[in-house]
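Mapped onto UniProt numbering, the consecutive letters of the sequence shown carry residue numbers 1 to 286.
Notes for the one structure printed next.
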Amino acid sequence: MTGSRRVLVLTGGHKIDDASFTRIIDRLAAERGWVVRRAARDLGAELADRTTQDFDAVLMYDLPGLALSLGSAPTPAGPGPETVDAIADLLEAGTGLVVLHHALAGWPAWPGWADAIGGRFHYRPARLRGRAHEDSGYYHGRFRARVVDESHPVTAGVESLELEDELYAAVVFEDDVHPLVRLESVPPTSDYRSAFDAVLRRPQRDGWCCPVPSDLLGWSTTAGSSPVVTLLPGDGGGTLLNDDYARLVGNSVDWVLSSDARQAAAAAPRPIDRNIDDSLIRVNGR
């Protein structure tokens with residue numbers, strides 16, 4: 001492969017198995033020729049502090065724009081208009097993006113970000129695309145998933161996965177994304193727990209209606225003129241160090257770095273909504 005291969009890797013805002021994550025990133029960087037810079041802060045802060053861009057793709061394993069603390073209600077924390085403009089400009093310029101696991105919950109006060117990455121995990125009841133949504137659900141367990149597009153560069157060398165990890169019952173814009181990986185069987189909604197109640201450290205409330213889980217675990221999409229891949233697994237070390245999962249992550253970064261992916265995204269760009277609406281998040285006294 002040719003071309004610049006500088007990758008900005010973001011963490012922060014959510015607990016992770018840092019040793020396992022560092023191990024997979026170091027291994028993939030060595031195998032695939034990436035020049036990695038890690039930062040424990042969000043993309044907006046990175047862009048605000050730099051006059052020149054020193055990366056060609058972004059790997060997000062962080063939780064930006066949400067103040068998350070056990071025992072307290074999750075609260076939106078930005079982004080401000082300058083941050084939105086900086087990130088939207090970055091994506092409209094064609095910088096590739098890979099989104100892992102809990103990063104799906106990022107920037108809940110920015111509807112356009114959910115559009116950009118293909119969905120959202122809601123830590124609180126919210127509105128999105130004109131609809132009210134319950135807080136999302138999560139499930140820990142063992143599951144199997146299958147590749148549904150064997151011809152895509154992201155899935156090269158992977159036929160299926162067997163993982164013990166965290167699944168989400170979250171919003172996925174299935175009509176707007178290209179499916180790559182699907183669950184073989186979706187657990188019943190009764191197996192999922194409320195994210196809002198878990199953060200508040202309280203028993204699951206009566207009346208919580210678990211969102212219908214999607215079987216989609218991995219997809220590609222376009223944001224601005226940038227290729228994007230979102231992979232929902234990635235909660236713990238067992239998944240991070242799984243060879244098939246690592247291959248998916250490596251392939252995803254390689255693909256969004258590639259001229260083919262960037263040219264395809266530039267040929268069919270998708271505008272980014274830059275509007276911010278703090279009223280999207282509401283607790284409703286719960």
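Ideal placement from N, C-alpha and C gives every residue a C-beta, glycine not left out.
Inset, instruction - Check whether the Cβ atoms of R6 and R50 sit closer than 9 Å, and answer yes or no. - result: At least 9 Å separates the beta-carbon of R6 from that of R50.
Legend entry - Completely contained alpha helix (DSSP H) runs for the region 91–133, where each covers 4 or more residues: Unbroken alpha helix (DSSP H) stretches of 4 residues or longer found wholly inside the region 91–133: 111–117, given in chain order.
Inset, instruction - Go through the region 30–104 residue by residue and report every complete run of the alpha helix (DSSP H) that reaches 4 residues or more, in order. - result: Taking only runs of at least 4 residues, the alpha helix (DSSP H) segments lying wholly in the region 30–104 are 43–48 and 81–92.
Legend entry - Extent of the continuous alpha helix (DSSP H) run through V199: Here the alpha helix (DSSP H) through V199 covers A195 to L200.
Legend entry - D149 - DSSP class collapsed to helix/strand/coil: DSSP places D149 in the coil class of the three-state scheme, outside both helix and strand.
Inset, instruction - Alpha carbon to alpha carbon, how far is E184 from residue 304? Give it in angstroms, no decimals. - result: Residue 304 lies beyond the stretch modelled for the chain, which goes from 1 to 286, so this question has no answer here.
Legend entry - Among A145, I272 and R32, nearest to D215 - alpha-carbon criterion: Across the set A145, I272 and R32, the C-alpha of A145 shows the shortest separation from the C-alpha of D215.
Legend entry - Distance between G106 and T22 (C-alpha atoms, nearest Å): Linking T22 to G106 through their CA atoms gives a straight-line distance of about 21 Å.
Legend entry - Local Cβ density within 10 Å of T222, reported as buried at 16 or more and exposed below that: Around the CB of T222, 16 or more other CB atoms lie within 10 Å, so the residue is classed as buried.
Inset, instruction - Mind reading off the beta-carbon distance from L100 to E46? Whole number of angstroms is fine, and I expect it under 8 Å. - result: Rounded, the Cβ-Cβ distance is 17 Å, inconsistent with contact.
Inset, instruction - Tell me whether the beta-carbon of V199 lies closer than 9 Å to the beta-carbon of A73. - result: Yes, the pair counts as a contact, with Cβ atoms nearer than the cut-off.
Inset, instruction - Quick one: residues in its chain with C-beta nearer than 8 Å to the C-beta of P271, no 5 flanking neighbours on either side, listed in chain order? - result: Same-chain partners within the cutoff: G224.
Legend entry - G112 versus D85 - alpha carbon distance: Between the alpha carbons of G112 and D85 lies a distance of about 11 Å.
Legend entry - Member of S4, L257, A29 and A88 whose CA lies at the smallest distance from the CA of I276: Out of S4, L257, A29 and A88, A88 has the C-alpha closest to the C-alpha of I276.
Inset, instruction - Look at the Cβ atom of A67, then the Cβ atom of P79, and state whether they are nearer than 9 Å. - result: 9 Å or more divides the Cβ of A67 from the Cβ of P79.
Inset, instruction - Check whether the Cβ atoms of D42 and D135 sit closer than 9 Å, and answer yes or no. - result: No, Cβ-Cβ distance for D42 and D135 is not below 9 Å.
Inset, instruction - Run the CB neighbour count on R129, radius 10 Å, all protein chains shown included, and call it buried at 16 or more, exposed below. - result: By the neighbour-count rule (16 or more Cβ atoms within 10 Å), R129 is not buried but exposed.
Legend entry - Beta-ladder partner(s) of Y139, from DSSP: Looking at the DSSP output, Y139 bridges to L167.
Inset, instruction - Could you tell me which residues DSSP pairs with V228 in its beta bridges? - result: According to DSSP, which records beta bridges pairwise, V228 is partnered with L97 and T221.
Inset, instruction - Just tell me which of T95, D18, D62 and L28 has its CA closest to the CA of D54. - result: For D54, the closest alpha carbon among the candidates T95, D18, D62 and L28 is that of T95.
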